[in-house]
Structure formats: structure tokens, C-alpha cells
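Chains as they are written, first to last, in my numbering: chain A, 1 to 318; chain B, 1 to 267.
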């Protein structure tokens, strides 16, 4: 009975006793969630348009961040460096389309998935070759991202919010809104969804697959750059960052692989769930549950709602 | 939609598309061997033949999915060797598929709207704002799509995801998407396969109406010989990748080689 009490009662008593701590924990979870959502968004974009799970999204985040910082170190002004980095991401999109996707048209999804592994290791290699393996500091100040924190008194205590986290949330929200709109309401958005459903049918109505793929990969590259800047500003830009990309998997399972809003909600649930779990339930097992709780939640979802919260229900007539 | 015989100086009855000595093989398998025929503006041209005769390969060559190793294809007076599918689409060739290739997750309206892709030109910026010229464009195309929906009598399913529809209706939506492209040449790959009698009659009626009302030239592959004889103006017969007969339905059906191909030759 004692263990049941510790699991089901005690944490909530703690939450009630110190609401400021609860708010603080949830805020941290929210911020982590926003960043997970950004990464997941990169995956969703490519998955929607080509049905490919792009394993390289994580390294694209790192690569974009490194390029930006690297260019700045070479003496390029910060905002020019952002534009040049976008140029690099565009070149990557074109190269991926030319060298990887075009020769693999109509191949099974698993082959395209494996190809994205290849892209991952290629980008790691090129990245280390050019920028070295050491972590770099993100040029947050040069990009006029706020630093420091605001603190305010509520609920009988203090809640501290990092300004960079607030900025990250706002930027992510704007970006997500624009992308959701782009997918649902524009001709190109419709073409993207069409390509995702059937390559040959898309070709037959005059949609150019090559063009669409470049657009999608470039969009994913833009998302990667924003993600890289935001993550980099909180920690450092290093190759270890690409591991966080794996956190996108439970987010996607939760939110659905094909849904932009799903990526957001999934990201937030995972982020907040993780932090709350770690803070209130972690001590029961000696801590450290943050690293696997997300996958545990995802497993539960797979059992009961395999298409995720917002995913397109899989329709198959037999 | 277009009236018959406009533009490009091609009048009804002129050759719209000419296939000249086309050969196509996959490794050692010869799918098409030295086939020539033409399609005239405004006609319904049937391509028939036993299974594996190369009919679908022929359509794939015409709309650019396959590139033949030998031969020439002339469309609207322009000769070409290689053409990408989306180029074929932009020049006015639309098609449907034997096994229905629709965008399953999208609604009927969105599927047919996808057929308007090439007709929409407003720039990206306005589209994102969903304002000004882009909004007018979207509304205008939507009106056109509603016309097609009325024409094909699929008003009731306009918002349904097409993956949920029965097969016969899916084929109809696919035809709608092809019509949305306002094609000059419409390629139909077994438009009536797997349909019951009533659905076949509906589909035949739509094909004839498209041809009559809009003057669209149609090339169709079909197995139902009764349908072919009723619908088509001229028939080309393929067997083992070669052309064995070409002419009016009456000529073809009395041709000994065709009878042999379909019924077999006594040994």
C-alpha cells in the first residue's frame, strides 16, 4: 500500500503544496516540448510529401547550426550568415533531390529510409571535416536573441522564465502557424499532399516531383536552422544534438506522422510529461526517467491509437 | 472548356498524335515492337488486345512514363523522343490508370483540384496570404471543379476522402481529375474494369459526353469488346507487342488475325 501511496497520492500532494514549483516545472517542460515539436515538424514535412522517414533531420539541425556559427567565426556578419546558411540548406535540398531521391523514384519506402541514413553519416563527416568536432557557442547575442531571465512572484513563490525560452516559443508558434497554413491552403501545399499519396498520379496531373522534393527538403532545412539556433542558444551546437532528434520519434507516434498540429501537441505532451515525471515520480526509482519516459508514453499510444492523436486514419479497402 | 478543333491549327479529323515505329523493351523483354498508328483530333480511339499485349505500356510511352528505345512520337505536330510525364501533362495529355491512382487521403474536391495544378499560376506569396488575385484564382478554379462534379454526378461525395469510396466511384473521380486538366488528349486505361453493368453504362455515357460536348480526343484501352465496338471510331489491335490490325470496329472484328488472337488458332 505504501508504494501505491507514493505513486498515486504523494506527488499530487507535493504539487499542491508548492504550486510555484509545479508552474516552474511545467514551463520547463513546455519549452523542451516546443523544441521537440520543431524537430518533429521537420520530420512531418518530409514524411507528408514523400512518405520517407528522414533520419537525417537531426543532423540537418546540427549542420545548419554549425554552418551558421562557422560562417560567423570566419568574420561574416550574423544576419548575412543566416542568409548564407539558408543558401547552404537550399543546396543540400537540391543535392539530396538530384543524387538520392531522383534515382530512387518508385523504390520501396524502406530503401529511401536507408538512403537518409547515408545522408546522415555523410553530413556528419562533412560537418566534422569543415567545422571540427568541438562544440561551438551559438551566436545568440549577435542575432539579437534575448538573454537573461524574468522572474515574477506568484502562488507564494518565484517563477523564473529564461527570455530565450520565451523567444523560442514565440518563434516556433509563428513558424508552425505559417507551415500549417501553407500545407492546407495553397496550391503547392495541395501538390505536396498529392505527391505524398501517389507519385504516378501526381506526375500524371503535371506535378513535378523533383520541384516538390526540393521545396520540401528546403522547408525542412529552414525548420532545421531555426531549431539549431534555438537549441544551440540554450546549450551549445555540437554533434550530440542530433541525438535529441530521436526524441522526435515518440513525439511523432503521439501526434501522428502526417499532422503538423499533431507534432506540436505531441511535442508539448512529451516535453511536459517528461519534466513532471522526472521531478515528481523520478525520485521513486532513483531519478533518470526523463530519458525513457517519452518512449514509454509512445508505446502506450501505439497500443491504443496507432495513427496518433491527429494522424490520418489509415484507410484501406480490401 | 475548349471547343473542338481550336488552337495549334489542328482541326477535327487531323492527326493529333502519331506513333511511329515505336519499340520498347525492359532488358530482354520486348513490350512493344515497331508499332505505328495515329490518333485523330476529336475521335475515340480504342487500343485492344489480349493480356500482356503491350497496351498499358503504349499509354505509358505516350504520356512519358516510359521512354521507347526506338521510334518517334509526334504530338500536335511536334516530334519528340523523350518527354517527362509532367511535360506531357502541361502539353495537354491527361490519363487515368488501370488500378486507380488517386490521392487517397484527400477529398474528392481536392483530388479534382489537384488536376488544376497546371492551370493555376498565381504566385506563392499571394497564395500564402490567401488574398487578392490568388483568392480569385482559387474561387474560379473551384467553380470549374464544381462543374465537373455536376457533370459526373458525384455531388454527394465531394467532401468524402476518396479512399473510402467504392471502386466504381473512385474511377469516376479519377476521370474527373483528368478532365480538370482540360486535356486535348485523354488516355483511359481500362475505365470500366471491375464495374457492374450499370456502372459500365454510366461510364460509357460520360466518355461519349466528354467526346461530344468538349471535343476531347480519347484513347482508351478496354477489354469489354461490346463497349469498344459501341464507343470507338477506330480500333488498333496489339498482340505480343505488335500491331496486328487497325481500322473501324467492323473491319477489326472481322479480321482473321484478330479472331485468331482472341480465340486461338486450331492446331
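We treat Cβ as the ideally placed atom computed from N, Cα and C, and that holds for glycine.
What residue range does the alpha helix (DSSP H) around residue i cover?
| i | result |
| --- | --- |
| residue 71 (chain A) | 57-73 |
| residue 291 (chain A) | 290-304 |
| residue 193 (chain B) | First-last for residue 193 (chain B): undefined, no H or E at that position. |
| residue 114 (chain A) | 109-131 |
| residue 12 (chain A) | 10-17 |
| residue 235 (chain B) | Where residue 235 (chain B) is concerned, there is no enclosing alpha helix (DSSP H), although the beta strand (DSSP E) it sits in stretches over 234-239. |
| residue 256 (chain B) | 256-263 |
| residue 78 (chain A) | 78-95 |
For residue i, go through chain B and note every residue whose CB falls closer than 9 Å to its CB, in chain order.
| i | result |
| --- | --- |
| residue 305 (chain A) | Neighbours of residue 305 (chain A) on chain B: none; closest Cβ ~17 Å, over 9 Å. |
| residue 194 (chain A) | 103, 106, 110, 111, 114, 117 |
| residue 191 (chain A) | 114, 117 |
Quick one: list the residues of chain B neighbouring residue i, beta-carbon separation under 7 Å, in chain order.
| i | result |
| --- | --- |
| residue 197 (chain A) | 103, 104, 105, 106 |
For residue i, count neighbouring Cβ atoms within 10 angstroms of its own Cβ and tell me buried if that reaches 16, exposed if not.
| i | result |
| --- | --- |
| residue 1 (chain B) | Its pLDDT being 45, under 50, residue 1 (chain B) is placed unreliably by the model, and the measurement read from it follows with that caveat. Exposed: under 16 other Cβ atoms inside 10 Å. |
| residue 263 (chain B) | exposed |
| residue 154 (chain A) | exposed |
| residue 55 (chain B) | buried |
| residue 80 (chain A) | exposed |
| residue 115 (chain B) | buried |
| residue 99 (chain B) | exposed |
| residue 9 (chain A) | exposed |
| residue 27 (chain A) | buried |
| residue 187 (chain A) | buried |
| residue 57 (chain B) | buried |
| residue 121 (chain A) | exposed |
| residue 183 (chain A) | buried |
| residue 208 (chain A) | buried |
| residue 259 (chain A) | buried |
| residue 191 (chain B) | buried |
| residue 260 (chain B) | exposed |
| residue 241 (chain B) | buried |
| residue 74 (chain A) | exposed |
| residue 209 (chain B) | exposed |
| residue 6 (chain B) | Unreliable positioning characterises residue 6 (chain B) in this predicted model, as indicated by a pLDDT of 46, which lies under 50. A coordinate reading is not provided. |
| residue 248 (chain B) | exposed |
| residue 177 (chain A) | exposed |
| residue 16 (chain B) | buried |
Going along chain A in order, which residues have a C-beta closer than 9 Å to the C-beta of residue i?
| i | result |
| --- | --- |
| residue 89 (chain B) | 203, 204, 205, 206, 207 |
On a CA-only basis, which of the options is nearest residue i? Give me that one, please.
| i | options | result |
| --- | --- | --- |
| residue 195 (chain B) | B:117, B:169, B:175, B:220 | B:169 |
| residue 49 (chain B) | B:119, B:40, B:31, B:41 | B:31 |
| residue 174 (chain B) | B:197, B:149, B:42, B:219 | B:149 |
| residue 147 (chain B) | B:72, B:181, B:161 | B:181 |
| residue 42 (chain B) | B:221, B:184, B:192 | B:184 |
| residue 244 (chain A) | A:39, A:126, A:111, A:47 | A:39 |
| residue 295 (chain A) | A:284, A:283, A:286, A:277 | A:277 |
| residue 172 (chain B) | B:159, B:164, B:199, B:187 | B:199 |
| residue 145 (chain A) | A:223, A:232, A:83, A:211 | A:232 |
| residue 55 (chain A) | A:182, A:275, A:247 | A:247 |
| residue 319 (chain A) | A:148, A:70, A:183 | Since the displayed chain A opens at 1 and closes at 318, residue 319 (chain A) lies outside it and no answer follows. |
| residue 118 (chain A) | A:292, A:301, A:59 | A:59 |
| residue 94 (chain B) | A:200, A:292, A:257, A:53 | A:200 |
| residue 159 (chain A) | A:73, A:204, A:23, A:203 | A:23 |
| residue 250 (chain A) | A:96, A:242, A:302, A:204 | A:302 |
| residue 93 (chain A) | A:214, A:290, A:293, A:67 | A:214 |
| residue 16 (chain A) | A:33, A:267, A:147, A:280 | A:280 |
Quick one: which chain A residues come within Cβ less than 7 Å of residue i?
| i | result |
| --- | --- |
| residue 63 (chain B) | 204 |
| residue 85 (chain B) | 203, 204 |
| residue 158 (chain B) | None at all; the shortest Cβ gap to chain A is about 15 Å. |
| residue 177 (chain B) | 205 |
Show which residues of chain A have a CB atom less than 8 Å away from the CB atom of residue i.
| i | result |
| --- | --- |
| residue 97 (chain B) | 200, 201, 204 |
| residue 181 (chain B) | 205, 206 |
Note the first and the last residue of the continuous beta strand (DSSP E) segment covering residue i.
| i | result |
| --- | --- |
| residue 158 (chain A) | 157-162 |
| residue 217 (chain B) | 217-221 |
| residue 79 (chain B) | 78-80 |
| residue 19 (chain B) | 15-26 |
| residue 33 (chain B) | 29-40 |
| residue 150 (chain A) | 149-154 |
Is residue i near the ligand GDP, with its Cβ less than 8 Å from a heavy atom?
| i | result |
| --- | --- |
| residue 69 (chain A) | The ligand content of the structure shown is nil, which means the ligand GDP is not present either. |
_Touch test, the segment 59-68 of chain B against the segment 235-255 of chain B, Cβ-Cβ under 8 Å, three pairs minimum_ = Output reads no: the segment 235-255 of chain B does not touch the segment 59-68 of chain B.
*Report yes or no: do the segment 200-210 of chain B and the segment 219-229 of chain B share at least 3 C-beta pairs separated by less than 8 Å?*
At 8 Å Cβ cutoff, the stretches touch.
*asked:* Whether or not the segment 226-236 of chain A and the segment 131-146 of chain A are in contact is what I'm after, with contact meaning three or more pairs of Cβ atoms, one per stretch, closer than 8 Å; do they touch?
replied: Between the segment 131-146 of chain A and the segment 226-236 of chain A there are three or more inter-stretch CB-CB distances shorter than 8 Å, so the stretches are counted as touching.
*Counting pairs of Cβ atoms below 8 Å between the segment 97-109 of chain A and the segment 157-173 of chain A, do you hit three or more?*
The segment 97-109 of chain A is not in contact with the segment 157-173 of chain A.
*Spell out a yes or no on whether the segment 53-66 of chain A and the segment 118-137 of chain A are touching, meaning 3 or more CB-CB pairs, one atom from each, closer than 8 Å.*
The segment 53-66 of chain A is in contact with the segment 118-137 of chain A.
*Please determine if the segment 259-267 of chain A and the segment 84-101 of chain A are in contact, where contact requires at least 3 C-beta pairs separated by less than 8 Å.*
With the cut-off at 8 Å, the segment 259-267 of chain A and the segment 84-101 of chain A do not touch.
*At a cut of 8 Å, does the segment 83-94 of chain A reach the segment 217-225 of chain A through at least three beta carbon pairs?*
Yes: the two stretches touch, three or more of their Cβ pairs being nearer than 8 Å.
*Is it true that the segment 155-164 of chain B meets the segment 99-110 of chain B, where meeting means three or more beta-carbon pairs spaced less than 8 Å apart?*
Counting Cβ pairs under 8 Å, three or more are found: they touch.
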